[in-house]
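What follows is one structure encoded as structure tokens, with my remarks underneath.
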Amino acid sequence: MTRIKYSDLEKLLASLQADGRAKEIQLPEILAGAKGKDSACLLSCISQTAAALGCQTDSELEGLIREAKIKSVSKSVIPSRFNVSGFEKFTLPIQEVTLGAGKKDGGSRKNTITLGGEKTMPYFFGASMPNKNRVAMDVFDMPVGLAKSVRSNYEDVLDDPAAWAKKAVNEFGADMITIHLISTDPNIKDTPAKEAAKTVENILQAVDVPIVIGGSGNPKKDPEVLEKAAEAAAGERVLIASANLNMDYKRIGEAAKEHGHVILSWTQMDINAQKELNRKLFRQCGVSSDSLIMDPTTAALGYGLDYAYSNMERIRMAGLSGDKELAFPLSSGTTNAWGAREAWMIESPIQEDTSWGDREYRGPIWEIITGMTLALAGNDLFMMMHPKAVQFLKEITAILSVSSDSSDSSDSSDSSANDNSAANSAANTAANPDVYDDWLTEVY
Amino acid sequence: MAKIVSPLEIYSYLPDDCETLFQASKMAVAAQLAGRKLKIKDIRGVYEKLPSAFMEKYEKLEELLRPAIAEIEIGTGDKKVIIGGDDVMFRHTLSFYNKPPIAADVWDTMTDAELLTRLEKITTFRKFYVGAFLYLDMVAVRSVSGNPETFQKCVEKVIQNCDMPLILCTKNPKIMKSGLKSAAGKNPLMYACDTANREEMTKLAIEYDAPIVVSGSGDLDTLKTLAVTLQNDGVDKIVLDPGMPAWGADFKKVFQNFIKIRKAGIDGDKELAFPLIALPIAARTTGLGTGGAGGAGETGGVGETGGAGGMGGAGGMGGAGGTGGASETGGAGGMGGASETGSQKEKLSPEIIAGYHETMAASALTVRYADIMIIHGLEAHELLPLVHAADTIYTDPRTPSAVEPKLYKIGQPGPESPVLFTTNFALTYYTVESDLSSAGFNGYLLAVNTGGLGVEAAVAGGQLTAEAVQKEFEDAAFDIKTETKHNTLILPGLAARLQNEIEKKMKVTAMVGPMDSGRLAKWLEENWAPDKEKNGR
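Protein chains in written order, with the working numbering: chain A, 1 to 444; chain B, 1 to 537.
Structure (structure tokens):
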């Protein structure tokens, strides 16, 4: 099939006309016969043109066309304006949910954290992101197996959850703390629920940020553990993690409601199950709509993140598009990224792989990219482990969610950078189109 | 927001006798075409043999099936890449097509030795994943010398030593021409045409019939103006550059530009319905010449710059720095303090930070519509997440990623060989399978039907239970007692909690294997066969 198009022949004609040769070879008539017709007609037009111009082959004709095109390249541009319509189908804002309670609300948190409120997909144009993404850092109630590069940050606090929590808040910038009561698992230490509640109290004493209380994941023991914990944290508006369809979610949902907490509704990568559990928590336990956050399950980069991503994106889009049972903030167990062998293993076990490099740098970026990908799907709250991963995730989500319109963000940074020439030149980058070419000649 | 063609729309353009022509029902052929499992190009031959009236139908069908975003070819031969071709804004509504090729850069001021070493790194990188390898795809040659001859020689050397498709990077038409001469017949991508060089670059694109990037330096009106003008001049192999400055607050604008342009294209703006190029390489330029200015995100950065902290990192974070959280969360302040008290010992070097920023930019834009990208960092911690991110987003969500639940033989197992199980999630299965076979292992591996969940999730969710394992062995008609001499089953470390129940139910010895199958080879060496242990006692 020829690659020559009708518009090419037109260009050729125009060029011949400019040279005063069009008439003698009757090209205008040939072309007029082909305009707007099908490909058979175009083909015959091409062969007539080729014959009229004495071309032996298609490529000879192509050469003439090329010359004609080069000759006729516009001297000036055709000014055009960019236009795009918004995402009209997003009509329902995501429910805002506040975690933590200060003194006047019967708690002891220094500040509260509000999640949700989005009106469009994450960081899209057309609506600003009303509440920032937040990070809750994991603390365990007993020493646990951790990847080396994670562990090295917590070596001094592994058997003191309160000190661990303090360190995460004061040194690593955690917005929240998640206390995982894993020692309560009958297969681990079977710590009594009452004793676990004590640990929760200690955490609440040690830090003044809002907290998440996690069970051990044992479906038989968790209801009791989380009931006691919810009671111990009454009034603090913690996030109770979590209720699941495979356990007595009713006890947990009711405990959260009774003591004024928020419930984490956890399902396993199944949008329908998520709807079902949310509905049950609302209807059977009386959870109010400002007290539910969803965890649709996080899989690590390379280990099912494609499912986790699309499941989350579907849930968020369904919510924004009007599904009242899915319009809630989302939470991710981003720490799951450390389950990927790429995050922690010294070297690839596969002979044919090129070297996996230094795991000290590989681990944190695995957690960052896992979390960031889910941020782009709509995730609001991240449960994380590595301090550096937390920093970079906060950096990118802060950049993407900055509320001012992108066009004036450079203005705002100008004013703050006026007194420092180095920073000033960097802050001005947006105004100067040359910055878009820097990489061509200078790469760090 | 999407162009999705239903099989019913296709149906009327198909010949009635599909059974003979395609060995499939008419509806099946329609469904295959709609899902792009079957390409329109591949059935042209069938139409050509039919009465000529069918060609008209073929053409209409071709038009109907043309993707919203144009497909552009770069390079030639086996390594040729096709970019673009998407129809939807969200992958779950169909699938994204043509995984974005990753081009790594080289530049014309490198010595021969440096160039060869770098090309070697680029061309040999590979990462095993689900039964295949992930690779880098292209080489981008940057003109740093500003000298046409130097560039020409460099492109020649690259072509001599590597068969990947090329991107020629310069905004100087003279230099571009010298590169195009070296790459004649290689169909390289030209980077880039902008307002200043448009006429000359357009002529080159026509003369060499090469695909070309148009760059609006971050301005969408300029970008559209250039795209419209080039198309009017008869250029139709266009790639759009939304623009990418150094890492910082402007990344928000970059990110939104990708979304805006793609939405315009999918919504039917034909003049912008072209593939998009991302330049994560530009994200690395953070902090160039401004000391640690890029560091808003980096641990030490905020604390270190001290008083400057307010705008601090301004170079890097710009506007976002303020809103970003430093003051509000109190987090950044805390971090600063930390670096003083020394409890956060190692700070990341500028190289690592640049690499993280590049990888973050590349991955974010992979999610949101980049169709091709140029990167610089070749460290494993930069490449591994990136090739996986591209694979994650471009995996067809309609393809079930489960293997058939059954008993698989690895190598040539006998009655002395170990018996293991895992789940039928394709990734889990292939990982275990490749770990075992690459260690030269003989044995039985049972893939238990967990509905495609991995071990950890399936244990937590109740899909991987002692009953499920027992039933799968029964379905496979494999009785461990009679088929083996050891009557032993090895559990995945992540399924350790099933040990007692499996022993009770199946009357076998259940051994708990390692948490990660990457350690299986070593574990087997130390723990297999169970007899060895007994003899030792």
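Note that beta-carbon positions come from the ideal geometry of N, C-alpha and C, so glycine has one too.
Only a predicted model underlies this, so the values are computations on that prediction, with no experimental measurement involved.
What is the rounded straight-line gap between the Cα of residue i and the Cα of residue j?
i                     : j                     : result
residue 352 (chain A) : residue 145 (chain B) : 37 angstroms
residue 11 (chain A)  : residue 56 (chain A)  : 20 angstroms
residue 423 (chain B) : residue 79 (chain A)  : 58 angstroms
residue 106 (chain B) : residue 141 (chain B) : 5 angstroms
residue 206 (chain B) : residue 29 (chain B)  : 38 angstroms
residue 413 (chain A) : residue 515 (chain B) : Model confidence at residue 413 (chain A) stands at a pLDDT of 33, short of 50, so the residue's coordinates are unreliable and nothing is read from them.
residue 255 (chain B) : residue 84 (chain B)  : 18 angstroms
residue 415 (chain B) : residue 137 (chain B) : 45 angstroms
residue 290 (chain B) : residue 439 (chain B) : Legend: pLDDT at residue 290 (chain B) = 36, less than 50; position of this residue unreliable, value from coordinates given subsequently. Each residue's alpha carbon lies about 50 angstroms from the other.
residue 440 (chain A) : residue 334 (chain A) : 36 angstroms
residue 429 (chain B) : residue 350 (chain A) : 15 angstroms
residue 410 (chain B) : residue 434 (chain B) : 9 angstroms
residue 221 (chain B) : residue 261 (chain B) : 11 angstroms
residue 573 (chain B) : residue 88 (chain B)  : This structure leaves residue 573 (chain B) out entirely; chain B is present only between 1 and 537.
residue 179 (chain A) : residue 137 (chain A) : 9 angstroms
residue 29 (chain A)  : residue 120 (chain B) : 57 angstroms
residue 75 (chain B)  : residue 134 (chain B) : 19 angstroms
residue 149 (chain A) : residue 360 (chain A) : 6 angstroms
residue 125 (chain A) : residue 86 (chain A)  : 8 angstroms
residue 499 (chain B) : residue 508 (chain B) : 10 angstroms
residue 69 (chain A)  : residue 171 (chain B) : 21 angstroms
Using a cut-off of 7 angstroms between C-beta atoms, extract the partners of residue i located in chain A.
i                     : result
residue 434 (chain B) : 350
residue 260 (chain B) : 84, 125
residue 430 (chain B) : Correct list: empty, because the minimum Cβ distance to chain A is about 11 angstroms.
Less than 8 angstroms between the beta carbons of residue i and residue j, yes or no?
i                     : j                     : result
residue 68 (chain B)  : residue 86 (chain B)  : yes
residue 196 (chain A) : residue 181 (chain A) : yes
residue 237 (chain A) : residue 107 (chain A) : yes
residue 387 (chain A) : residue 153 (chain A) : yes
residue 147 (chain A) : residue 344 (chain A) : yes
residue 258 (chain B) : residue 365 (chain B) : yes
residue 99 (chain B)  : residue 391 (chain B) : yes
residue 540 (chain B) : residue 445 (chain B) : Absent from the model: residue 540 (chain B). The displayed extent of chain B is 1 to 537, so no value can be given.
residue 72 (chain B)  : residue 211 (chain B) : yes
residue 419 (chain B) : residue 465 (chain B) : no
residue 165 (chain B) : residue 80 (chain B)  : yes
residue 112 (chain B) : residue 150 (chain B) : no
residue 328 (chain A) : residue 292 (chain A) : yes
residue 102 (chain A) : residue 114 (chain A) : no
residue 241 (chain A) : residue 259 (chain A) : no
residue 184 (chain A) : residue 216 (chain A) : yes
residue 475 (chain A) : residue 252 (chain B) : Because chain A spans 1 through 444 in this model, residue 475 (chain A) falls outside it and cannot be assessed.
residue 489 (chain B) : residue 521 (chain B) : no
Please list the partners that residue i has in chain A, where partner means a Cβ-to-Cβ separation under 8 angstroms.
i                     : result
residue 171 (chain B) : 437, 440
residue 274 (chain B) : In chain order: nothing, as chain A lies at least about 14 angstroms away.
Residues of chain A with CB under 9 angstroms from residue i, in chain order?
i                     : result
residue 36 (chain B)  : Those within 9 angstroms of residue 36 (chain B) in chain A number zero; the least Cβ separation is about 18 angstroms.
residue 244 (chain B) : 436, 439
For residue i, which residues in chain B fall below 8 angstroms Cβ to Cβ?
i                     : result
residue 268 (chain A) : 453, 457, 460, 461
residue 297 (chain A) : 457
Closer than 8 angstroms, CB to CB, is residue i near chain D or not?
i                     : result
residue 342 (chain A) : Among the protein chains in the structure shown, which are A and B, there is no chain D.
Name the chain B residues whose beta carbon is nearer than 7 angstroms to that of residue i?
i                     : result
residue 109 (chain A) : Correct list: empty, because the minimum Cβ distance to chain B is about 13 angstroms.
Flag this pair as touching only if the stretch 288 to 299 of chain A and the stretch 374 to 388 of chain B have three or more C-beta atom pairs under 8 angstroms; answer yes or no.
Between the stretch 288 to 299 of chain A and the stretch 374 to 388 of chain B there are fewer than three inter-stretch CB-CB distances shorter than 8 angstroms, so the stretches are not counted as touching.
Against chain B, which members of the stretch 386 to 399 of chain A pass a CB distance test of less than 8 angstroms?
Going along the stretch 386 to 399 of chain A in chain order, one finds 387, 388, 391, 392, 394, 395, 396, 398, 399 with a Cβ nearer than 8 angstroms to chain B.
Which residues, in chain order, does the stretch 444 to 458 of chain B contribute to contact with chain A at a C-beta distance below 8 angstroms?
Taking 8 angstroms as the Cβ-Cβ cut-off against chain A, the residues of the stretch 444 to 458 of chain B that qualify are 453, 454, 456, 457.
Pull out every residue of the stretch 200 to 217 of chain B whose Cβ sits closer than 8 angstroms to any Cβ of chain A, in chain order.
Taking 8 angstroms as the Cβ-Cβ cut-off against chain A, the residues of the stretch 200 to 217 of chain B that qualify are 202, 203, 206, 207, 209, 215, 217.
With three or more C-beta pairs closer than 8 angstroms as the rule, is the stretch 183 to 198 of chain B touching the stretch 208 to 221 of chain B?
Using a C-beta cut-off of 8 angstroms, the stretch 208 to 221 of chain B makes contact with the stretch 183 to 198 of chain B, since at least three inter-stretch Cβ pairs fall below that distance.
Check whether the stretch 247 to 256 of chain A and the stretch 184 to 203 of chain A touch, using three or more Cβ-Cβ pairs below 8 angstroms as the test.
These segments do not touch.
Meets three-Cβ-pair contact criterion under 8 angstroms: the stretch 234 to 246 of chain B and the stretch 270 to 278 of chain B:
Using a Cβ-Cβ distance cut-off of 8 angstroms, the stretch 234 to 246 of chain B and the stretch 270 to 278 of chain B are in contact, since at least three pairs of beta carbons, one from each stretch, lie closer than that value.
Output, in sequence order along the chain, the residues in the stretch 366 to 378 of chain A whose CB is closer than 7 angstroms to any CB in chain B.
When CB distances to chain B are screened at a threshold of 7 angstroms, the residues of the stretch 366 to 378 of chain A falling below it are 366, 368, 369, 372, 373, 376, in chain order.
Could you tell me whether the stretch 266 to 284 of chain A touches the stretch 218 to 238 of chain A, using the rule of 3 or more Cβ pairs below 8 angstroms?
Two segments are said to touch when three or more pairs of C-beta atoms, one from each, lie closer than 8 angstroms; by this definition the stretch 266 to 284 of chain A does not touch the stretch 218 to 238 of chain A.
Taking one C-beta from the stretch 49 to 65 of chain A and one from the stretch 75 to 89 of chain A each time, how about it: are there three or more such pairs within less than 8 angstroms?
Not touching, per the Cβ criterion.
Determine which residues of the stretch 231 to 242 of chain B have a Cβ less than 7 angstroms from any Cβ of chain A, and write them out in chain order.
So the list reads 232, 233, 234, given in the order they occur along the chain.
The stretch 227 to 261 of chain A: which residues have C-beta closer than 7 angstroms to a C-beta of chain B, in chain order?
Within the stretch 227 to 261 of chain A, contact with chain B at the beta-carbon level (separation under 7 angstroms) is assigned to 246.
Identify each residue in the stretch 116 to 140 of chain B for which the Cβ-Cβ distance to at least one residue of chain A is less than 8 angstroms, and report them in chain order.
Answer set for the stretch 116 to 140 of chain B: 124, 125, 126, 127, 128, 129, 133.
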